[in-house]
Amino acid sequence: MFARLAQRAIWGALVGALWAQNDLDAERWSQMNPQGSARALGMAGAFSALGGDPANLTQNPGGLGLFVRGGLWLSPALALPTTSTTYLSSGHDSRTQLSVPQFALVLHGRGGKAIPYWNFAFGYNQEGFFHQNSQASGFNERNSFTQSLAEQAEGIPDTLLGGTAALAYQNYFDLGAPLGTRGVIDATNTNPYQYQGVFSQGQVFQEITSQERGRLNTWSIGAGFSYQNKVYFGAALLIRSLSYSKTYRLREIDTQNRYNGSGGTTPADEVTFREKYTSTGSGVGLALGVLVEPVDFFRFGLSFTTGSRLRIQDEYNADLEFALDDGRRNSTTYAEPFQYTYRFSYPYRVSVGMAFLLGGKGAVSIEGDFLDYRNATFSSSDYSYDRENEAIEKQFSTAYNVRAGVEWLLTDQVSLRGGYAYYAPVRNPDGRLYYTDYRQPANLTSLAMQRQFITLGAGYRLDKFFVDVAYLYAMSAQKYLPYTLRNPAYAPAPVVVIQNRTHFIVTTLGLRF
100 MFARLAQRAI WGALVGALWA QNDLDAERWS QMNPQGSARA LGMAGAFSAL
150 GGDPANLTQN PGGLGLFVRG GLWLSPALAL PTTSTTYLSS GHDSRTQLSV
200 PQFALVLHGR GGKAIPYWNF AFGYNQEGFF HQNSQASGFN ERNSFTQSLA
250 EQAEGIPDTL LGGTAALAYQ NYFDLGAPLG TRGVIDATNT NPYQYQGVFS
300 QGQVFQEITS QERGRLNTWS IGAGFSYQNK VYFGAALLIR SLSYSKTYRL
350 REIDTQNRYN GSGGTTPADE VTFREKYTST GSGVGLALGV LVEPVDFFRF
400 GLSFTTGSRL RIQDEYNADL EFALDDGRRN STTYAEPFQY TYRFSYPYRV
450 SVGMAFLLGG KGAVSIEGDF LDYRNATFSS SDYSYDRENE AIEKQFSTAY
500 NVRAGVEWLL TDQVSLRGGY AYYAPVRNPD GRLYYTDYRQ PANLTSLAMQ
550 RQFITLGAGY RLDKFFVDVA YLYAMSAQKY LPYTLRNPAY APAPVVVIQN
600 RTHFIVTTLG LRF
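The working numbering runs 99 ahead of the 1-based position in the sequence shown.
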């Protein structure tokens, strides 16, 4: 008991070493969505070769050279995400959220014979949308989260435990003779460096809830010009800002009274683990692009976007609650939230697109991105991320994103649009878990996630005013392990399967001048 009391002065200092960023963060920050005005989104964002839309600020700045007038764009949006979760049984959640994912200003100027005009643009795009609520529950016959906590502590003296293992070891009750002190995890009688979880045989009811909120925004300043109305060049400075938060809870309940104190066992009833973390950051990147129109009915676009280096600050806290059958409860938490600053480098992106102009009646556009997610890296002045970066290199892969869209003019003022986009998984297609850090908190390891978008749109244009509407149906699937286990006698933990279906409705109001 005295060792446990003395350890409380030490464990907070160990949190930093145990709460490091991981491949799950890298996966999240590396993803992006179709971008641009409602016109571009109605075509699934396939505007790298078409040009003449604010989407070109972040996709292919060469398309900025096609503007023949200045303009102002403002795009409010409504998002209706629905999440279905499977974990031993099923759960369901849906919410509604309003936002303004895009606005832009383009200033048009005229030049000379070789360079007939140039354009300067300023804009904002929402590249990433992190909004998810998931909940699931079920009876786990095989294992328990407390077994994972015991494995995290394995081989470490109790006076040197840190992170969630320390939370578990320090959460105990004095039950008197003959039981003594009993906690969420306890050292075994035969080996003080081995531990056992309070629900050591599984057979517990588990509830998992998670809520994510956040955005990855890009502020862009760019310019483009036309060379003899055949070749269009452009460049843009990209200033990215990140805001993200997540709360997570894993609750285990002895609904069958397997651990009710008979046979000398701890009269345990419930263990609840909660964690919350927030991430904020910013970084700078550069986009370069060219668009070529060799003939009147065909355009070709090529762009390169450098990897951005985000400076991110994380704040993390967790608590663990332990309840007995007689109603007594005990809670342990870190003395104060842990804060840490680090850098995350995006991989570069190469985009190639082509567009066919249908004689003034419409257009068909298709394009692709190449990304090497293995180039994503973490860095810090006071922590070596060699292990995390090695995990990224092993787990992540090269990927190809594809977008295709069509626009058809019903009249000179009215147009209809449609499109499809496929964003490949960040991770290796086989979804293997190459890397597991047992010193990390519970909600760690995810598997490959792909995303698809089906889009529709319509537009109405007058000389100085236009309005566009787009509908996007986004589909994604994700798997993760709520905790990790090494012992083959009861590993692995059940897999959580999350299916996201989000309906986006975006309206763009615009002026030309």
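For glycine and all other residues, C-beta sits at the position ideal for the given N, C-alpha and C.
No experiment lies behind these values; they were computed from the predicted model shown.
Coil, strand or helix - R582 by DSSP: One-based indexing of the sequence shown puts residue 582 at position 483. The identity of residue 582 in the sequence shown is Tyr, whereas the question assumes Arg. Y582: coil per DSSP, three-state reduction.
Check whether E226 and R526 have beta carbons under 8 angstroms apart: In the sequence shown, residue 226 corresponds to position 127, counting from 1. In the sequence shown, residue 526 corresponds to position 427, counting from 1. No.
Those runs of the alpha helix (DSSP H) which lie wholly inside the region 225-298 and span at least 4 residues: 244-252, 262-268
The region 252-267 touching the region 349-358, judged by at least three CB pairs closer than 8 angstroms: no
CA-to-CA distance, N290 to D481, given in whole angstroms: As a working note, residue 481 is residue 382 in the sequence shown. As a working note, residue 290 is residue 191 in the sequence shown. The alpha-carbon atoms of D481 and N290 are separated by roughly 34 angstroms.
Beta-carbon proximity list for Q196, same chain, < 7 angstroms, skipping 5 on both sides: One-based indexing of the sequence shown puts residue 196 at position 97. Closer than 7 angstroms at Cβ, skipping near neighbours: A178, H230.
Beta-carbon proximity check, S479 vs R502, cutoff 8 angstroms: Here residue 479 corresponds to residue number 380 of the sequence shown, with the count starting at 1. Here residue 502 corresponds to residue number 403 of the sequence shown, with the count starting at 1. Cβ distance not < 8 angstroms, so S479 and R502 don't count as in contact.
Environment of L561 [buried if 16+ CB atoms lie within 10 Å]: Within the sequence shown, the letter at position 462 stands for residue 561. That one is exposed.
Boundaries (first-last residue) of the beta strand (DSSP E) holding E420: For the purposes of this step, residue 420 is taken as the residue at position 321 of the sequence shown. Here the beta strand (DSSP E) through E420 covers 408-423.
Residues near I604 in its chain [Cβ-Cβ closer than 7 angstroms; skip 5 each side]: Here residue 604 refers to the residue found at position 505 when the sequence shown is read from its first residue. Hits under 7 angstroms: A176, L177, Y570.
Alpha-carbon spacing of G222 relative to V596, whole angstroms: Numbered from 1 along the sequence shown, position 123 holds the residue referred to as residue 222. Numbered from 1 along the sequence shown, position 497 holds the residue referred to as residue 596. Those two C-alpha atoms are separated by around 37 angstroms.
Residue closest to Q598, alpha-carbon to alpha-carbon, out of G558, T185, L163, L140: Translated into positions along the sequence shown, residue 598 becomes position 499. Minimum Cα distance to Q598 is reached at T185.
Sub-8 angstroms separation of T510 and I491 beta-carbons: Position 411 of the sequence shown, counted from the start, is the residue given in the question as residue 510. Position 392 of the sequence shown, counted from the start, is the residue given in the question as residue 491. No, Cβ-Cβ distance for T510 and I491 is not below 8 angstroms.
Same chain only: Cβ atoms within 8 angstroms of S236, ignoring 5 sequence neighbours per side: Taking the first residue of the sequence shown as position 1, residue 236 is located at position 137. Same-chain partners within the cutoff: Y186, L187, S188, G190, F304, Q305, E306, I307.
Same chain, Cβ closer than 6 angstroms to Y533, five either side skipped, listed in chain order: Looking up residue 533 in the sequence shown gives position 434. Confidence at Y533 is low in this model, with a pLDDT of 35, below 50, so the placement of that residue should be treated as unreliable; the coordinate-derived value is given next. These residues qualify, in order along the chain: K493, Q494.
Proximal residues to G150 (C-beta, below 6 angstroms), its chain only, five neighbours per side dropped: Walking along the sequence shown from the start, residue 150 turns up at place 51. Within the same chain, G150 has close Cβ partners G162, L165, L390.
Distance between R168 and W217 (C-alpha atoms, nearest Å): Along the sequence shown, read from residue 1 onward, the residue named residue 217 stands at position 118. Along the sequence shown, read from residue 1 onward, the residue named residue 168 stands at position 69. The alpha-carbon atoms of W217 and R168 are separated by roughly 10 angstroms.
Alpha carbon of R448 to alpha carbon of Y472, nearest angstrom: Taking the first residue of the sequence shown as position 1, residue 448 is located at position 349. Taking the first residue of the sequence shown as position 1, residue 472 is located at position 373. In a straight line, the C-alpha of R448 is about 10 angstroms away from that of Y472.
Range of the contiguous beta strand (DSSP E) that encloses D368: Within the sequence shown, residue 368 is the residue found at index 269, counting from 1. That run of the beta strand (DSSP E) goes 367-394.
DSSP state of I491 mapped onto helix, strand, coil: Numbered from its first residue, the sequence shown carries residue 491 at position 392. Correct three-state label for I491: helix.
Candidates D122, A137, M142, W172, of which the one nearest R611 by Cα: In the sequence shown, counting from the first residue as 1, residue 611 sits at position 512. Selected option, being the one with the closest Cα: W172.
Burial state of A592, where buried means 16 or more other Cβ atoms lie within 10 Å: Counting from one through the sequence shown, the residue named residue 592 turns up at place 493. The residue in question, A592, is buried, as its Cβ has 16 or more Cβ neighbours within 10 Å.
Which of helix, strand or coil DSSP assigns to F603: Indexing the sequence shown from 1 puts residue 603 at position 504. Residue state, collapsed to three classes: strand.
For G461, the nearest candidate out of S430, F396, V205, V370 (CA to CA): Mapped onto the sequence shown, residue 461 falls at position 362. If we check each option's Cα against that of G461, F396 comes out closest.
Integer-rounded CB distance, given that G321 should sit under 8 angstroms from P160: Looking up residue 160 in the sequence shown gives position 61. Looking up residue 321 in the sequence shown gives position 222. Rounded, the Cβ-Cβ distance is 5 angstroms, consistent with contact.
Host beta strand (DSSP E) of D481 (start-end): Taking the first residue of the sequence shown as 1, we reach residue 481 at position 382. Note, D481: premise wrong, no beta strand (DSSP E); not H, not E.
Chain-order list of residues whose beta-carbon lies under 6 angstroms from that of G380 (same chain, five-residue window excluded): Here residue 380 refers to the residue found at position 281 when the sequence shown is read from its first residue. Closer than 6 angstroms at Cβ, skipping near neighbours: L341, L409, R410, I411.
Cβ-based burial, S233 [other Cβ within 10 Å; buried from 16]: Taking the sequence shown and counting its residues from 1, the one referred to as residue 233 is at position 134. Buried: at least 16 other Cβ atoms inside 10 Å.
Classification of A588 by the beta-carbon crowding that lies within 10 angstroms, buried from 16 upward: Translated into positions along the sequence shown, residue 588 becomes position 489. Flag for A588 reads exposed.
Best match in D368, G467, Y484 for proximity to F272 [C-alpha to C-alpha]: Start at 1 with the first residue of the sequence shown, and residue 272 comes out as number 173. Answer by Cα proximity: D368.
Pair within 8 angstroms by beta-carbon distance, Y582 and S247: On the sequence shown, residue 582 is found 483 positions in, with the first residue counted as 1. On the sequence shown, residue 247 is found 148 positions in, with the first residue counted as 1. Contact flag set, yes.
Helix, strand or coil at P180 [DSSP, three-state]: Your numbering for residue 180 matches position 81 in the sequence shown. Strand.
For G135 and Q158, the rounded distance between their alpha carbons: Here residue 158 is taken as the residue at index 59 of the sequence shown, counted from 1. Here residue 135 is taken as the residue at index 36 of the sequence shown, counted from 1. Going from the Cα of Q158 to the Cα of G135 covers about 9 angstroms.
Nearest to S198 (by Cα), restricted to the options F244, A154, N316, E392: Within the sequence shown, the letter at position 99 stands for residue 198. Taking only the C-alpha atoms, the option nearest S198 is N316.
Run of the beta strand (DSSP E) containing A498, from where it starts to where it stops: Your numbering for residue 498 matches position 399 in the sequence shown. Per DSSP, A498 belongs to the beta strand (DSSP E) from 497-508.
Limits of the beta strand (DSSP E) - the one that D471 falls within: Position 372 of the sequence shown, counted from the first residue, corresponds to residue 471. It spans 461-471 - the beta strand (DSSP E) in which D471 sits, taken as one unbroken run.
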